[in-house]
C-alpha cells in the first residue's frame with residue numbers, strides 16, 4: 108500500500124468505508140434494532156424522563172452516543188451503529204414518549220426547544236459532554252495515528268489492548284450535564300433516579316478498539332500483552348476542575364509544591380570548537396537556574412476530582428455558574444500513541460568456559476573490568492532475534508570471574524523488554540542458540556533455549572533454597588598431603604553439617620548470623636606430582652560458602668577443611684560441575700548426577716608459545732590442555748564474588764616437554780622463596796564494591812592476589828627460573844580479602 112493511499116483528509120466527519128457498508132445492511136434491520144433499544148431505554152427511564160434527557164441534551168448540542176449514555180443504554184453494540192441510525196432511533200423514542208405523556212408537557216417542551224436538533228444543523232456543534240470524542244471515534248482523525256504507529260513499529264502480534272487517557276475536563280462537564288438534567292426534572296416535577304450513567308471511557312475504548320481492529324487486522328482483546336496507549340487532551344477544559352475550589356462544601360484543596368528537575372547532563376561530550384563549547388556552557392549555566400525545579404499543583408488527580416464531585420450537592424454546584432456546561436469552541440487533540448508489549452521470558456542453561464569473563468557486565472566508575480560477560484554473550488544475540496528494547500539476565504546463582512561453570516550448566520532466564528517479535532518459534536530459538544555457541548565457543552555455551560511462562564520463573568527463586576550443587580576445587584595444604592590426610596577427609600564422604608558465620612568479605616551487605624549448611628558428599632584425592640596440592644569434590648546445599656569452608660575464614664566456619672586435617676588450607680581454583688535445579692519443562696534439561704563435561708565442545712588446540720607472566724589470564728579451554736592438572740592454577744579473586752563460589756575438575760595429563768635450555772625442577776619448592784606483605788598497589792587486582800566498606804588495616808579479610816600464583820606448570824617454571832615469583836606458603840596469610848593484606852610483593856631472597 109502506497110503512502111498516498113494511506114493518507115486521508117485531515118478532518119472528516121464521515122465514517123470509514125467499512126461503516127458505510129454496514130449502514131446499508133443495518134438500515135434494513137432498523138426495526139429489530141429499535142425493539143432492543145426501546146427495551147433498554149424504558150427499563151431505566153420513564154417516558155417523561157427519557158423525553159427530558161433527549162430534548163435537553165440535543166438542545167445543548169450533544170452527540171447521539173452521549174444521549175444513549177445518559178439514557179443508560181448498556182448494550183455497547185448499539186453505539187457502533189452509523190450516526191444516521193442512532194438519530195433515527197432517538198427520534199422514534201421521542202415520538203413514542205410524546206404520545207404517552209400529557210400534551211401540556213409536550214407543548215412545554217416543544218416551546219422551550221429553541222435550537223433545532225444538532226443532526227439537522229449544517230455545522231454540528233461540538234458535544235459538550237464528550238468533546239466530540241464519541242462522535243469522531245470511527246473517523247480518520249482518531250484511528251489514523253494508531254494505524255500509522257503500528258505500521259512504523261512493526262510489531263509481530265495478532266491482538267492488542269488499549270489504554271486510554273481522556274481529558275480531565277470531561278469529568279466536570281459530565282457532572283454538570285447530569286445536574287442540569289436533574290434540575291429540569293425538578294422544575295417540571297418529574298420523578299427521576301438519574302444517578303449513574305454509562306461510563307464514557309468504556310464506550311470510547313470499545314468503539315475505538317473496533318475501529319482499530321478493522322484498520323489493522325489485529326484482534327481487540329482485554330487480555331492482550333500488546334498495549335496501545337493513547338492520551339487525549341483538550342486545552343479549553345483542562346482547568347475546569349478549578350471551579351470546585353469556589354464551592355466550600357467540596358473541600359477541594361490544591362497546594363503548590365516544588366519538584367526538583369534533573370539538570371542537563373552532557374556526559375562525555377567533547378566539543379569540536381570553542382564556539383560550540385561556549386554555547387554548551389551557556390546552556391548548562393541557564394539550566395542551573397531554570398531547570399533545577401518547577402512548581403506543580405498537587406491534589407487534582409482524576410480520582411480526587413471524581414470523589415469531590417460526588418460530595419457536592421446540586422444546589423451548591425448550580426451556584427458556581429458552570430451549569431449547563433458552556434459551549435466548547437475546539438475539539439480534542441491527541442498525543443503520539445505509545446506501543447509497548449509486555450515482557451516475555453526465554454530460559455535455558457549456560458556453561459561458562461573462561462576465567463576471564465564475568466557473569467554480568469563488570470563496570471566500576473565507568474571502567475569495564477572484564478572484556479565481556481555471560482549475559483552479554485547470550486543477551487545481545489537474543490535481543491536482535493526478539494527485536495526488544497532491552498533485556499534482563501536472571502541466573503540461578505552467581506559465580507566469580509575466574510570460576511568456570513561446567514557440567515549440566517547453570518539455569519537462567521532472560522526477560523525481553525518490549526519485544527517486537529515476542530513469540531519466536533522453537534526453530535528460531537535453536538538457530539539463535541547455535542549462533543551463540545559458534546560465536547563464543549571459547550567463552551560461553553548455551554543449551555536448551557525455550558520460551559517459558561511466569562510460573563516457570565518461580566523455579567529460579569525456589570532453587571535458591573532447595574537445590575544442590577556439585578563442585579571440584581584445587582586445594583593447597585600447609586603440610587604434606589599423605590594418604591592419612593586424604594583418609595581424614597574421606598571419612599566424611601557421606602556428608603557433614605557445618606556452621607558458617609557471615610563471611611567477612613560480604614559482612615558489609617549481609618546480616619551477621621550463623622547459617623547451618625549441609626555438605627552432602629565430600630571426596631579428596633591426592634596429586635601424584637605434588638604433595639601439597641590435592642583435589643576436593645563436594646556436593647553441598649544451596650548457599651554454602653565453599654571458599655570459607657576450605658580456608659576457614661579466620662575460624663568463622665566450623666568445622667572447616669583445615670580443622671578436619673589439622674593444618675592450614677586455602678583454595679587455588681574452583682569450578683562448578685552441576686547445578687541440580689529443577690528444569691523449566693520436561694523437555695528442557697535432563698539433570699545428570701555428578702560431573703559431566705562430555706557434552707561441552709572440544710577445546711581449541713593449545714598455543715605453541717610458552718606461557719609467561721602476562722599469560723596468567725588464559726581461558727579454561729586453553730589451560731586445560733596444557734596444565735598438568737587439566738585446569739589452570741589460579742588464586743580465587745573474590746573481587747567480583749557473591750555468596751556462592753563454584754568449582755571445576757582437574758584431570759592429570761602429560762605435561763609438555765621442558766625446553767633443553769632450562770633445567771627441569773619441581774615448580775612447588777618449599778622454603779626456597781617466601782611472600783612478604785608490602786604496600787604495592789600495582790599488584791592489586793581490580794576491586795568491586797565489596798571492598799567499599801572494608802577496613803584497610805584488617806588483615807582478616809585477606810585474599811591472594813591473582814598474580815601471586817601461576818596459571819599452570821609451564822608458567823610456574825618460567826617464573827621460578829627467572830626468580831620473580833614466590834610460591835612457598837611459609838608465611839602466607841589466609842582470609843577473604845582486605846586492602847592492606849592483598850599488597851603482596853614477590854621477590855627472591
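Residue numbers (the working numbering): 108 to 856. For glycine and all other residues, C-beta sits at the position ideal for the given N, C-alpha and C.
Ranked by Cα distance from residue 523, the first of 561, 511, 515 is 561. Cβ atoms of residue 591 and residue 460 stay farther apart than 8 Å, at about 36 Å.
Distance from the CA of residue 454 to the CA of residue 568, rounded to the nearest whole angstrom, comes to 14 Å. Secondary structure of residue 538 (DSSP, three-state): helix.
Burial is judged here by how many other beta carbons sit within 10 angstroms of a residue's own beta carbon; residue 589 has fewer than 16 and is exposed.
A Cβ-Cβ separation of about 4 Å places residue 518 in contact with residue 503 under the 8 Å criterion.
The three-state reading of DSSP puts residue 159 in helix, counting H, G and I together. Using a Cβ distance threshold of 8 Å, residue 178 and residue 160 count as a contacting pair. The C-beta distance from residue 645 to residue 626 rounds to 6 Å, short enough to meet the 8 Å contact threshold.
DSSP places residue 296 outside both helix and strand once states are collapsed to three, so it counts as coil. Taking C-beta atoms as the reference points, residue 200 and residue 279 fail to come closer than 8 Å. Straight across, the Cα-Cα distance linking residue 326 with residue 266 is about 4 Å. Within the model, the alpha-carbon separation for residue 309 versus residue 364 is close to 33 Å. Burial is judged here by how many other beta carbons sit within 10 angstroms of a residue's own beta carbon; residue 417 has fewer than 16 and is exposed. A contact between stretches requires three or more CB pairs, one per stretch, nearer than 8 Å, and the stretch 467-484 fails this requirement with the stretch 435-445. If you compare the alpha carbons of 608, 648, 683 with that of residue 662, the shortest gap goes to 608. At least 8 Å separates the beta-carbon of residue 500 from that of residue 452. Contact holds between the stretch 255-269 and the stretch 321-339, because three or more Cβ pairs, one in each stretch, are under 8 Å apart. Checking the DSSP bridge columns, you'll see residue 446 partnered with 335. Residue pairing of residue 511 in beta bridges, as defined by DSSP: 682.
With contacts defined by Cβ atoms closer than 8 Å, residue 685 and residue 514 form a contacting pair.
According to DSSP, residue 471 shares a beta bridge with 474. Setting aside the 5 residues that flank it on each side, residue 182 is surrounded in the same chain by 143, 147, each with a C-beta closer than 7 Å to its C-beta; the list follows chain order. The Cβ atoms of residue 185 and residue 140 sit closer than 8 Å to each other. In the three-state reduction of the DSSP assignment, residue 518 falls in the strand class, which pools E and B. DSSP places residue 553 inside the beta strand (DSSP E), whose first and last residues are 551-559. Beta-bridge pairing by DSSP links residue 271 to 337.
Distance between residue 343 and residue 449, taken at the CA atoms: about 35 Å. Excluding the 5 residues flanking it on each side, residue 577 has same chain C-beta neighbours closer than 6 Å at 646, 684, 685, in chain order. The Cβ atoms of residue 237 and residue 315 lie no closer than 8 Å to each other. With distances taken between CA atoms, residue 355 lies nearest to 419 out of 419, 319, 313. With distances taken between CA atoms, residue 481 lies nearest to 510 out of 510, 493, 651, 614.
A Cβ-Cβ distance of about 35 Å is found for the pair residue 580 and residue 536, leaving them out of contact under the 8 Å criterion. If you keep only unbroken alpha helix (DSSP H) runs of at least 4 residues inside the stretch 137-208, you get 137-151, 154-166, 171-177, 183-186, 190-207. If you draw a straight line from the Cα of residue 497 to the Cα of residue 564, it comes to about 19 Å. According to the DSSP secondary-structure assignment, residue 577 is paired through a beta bridge with 646, 685.
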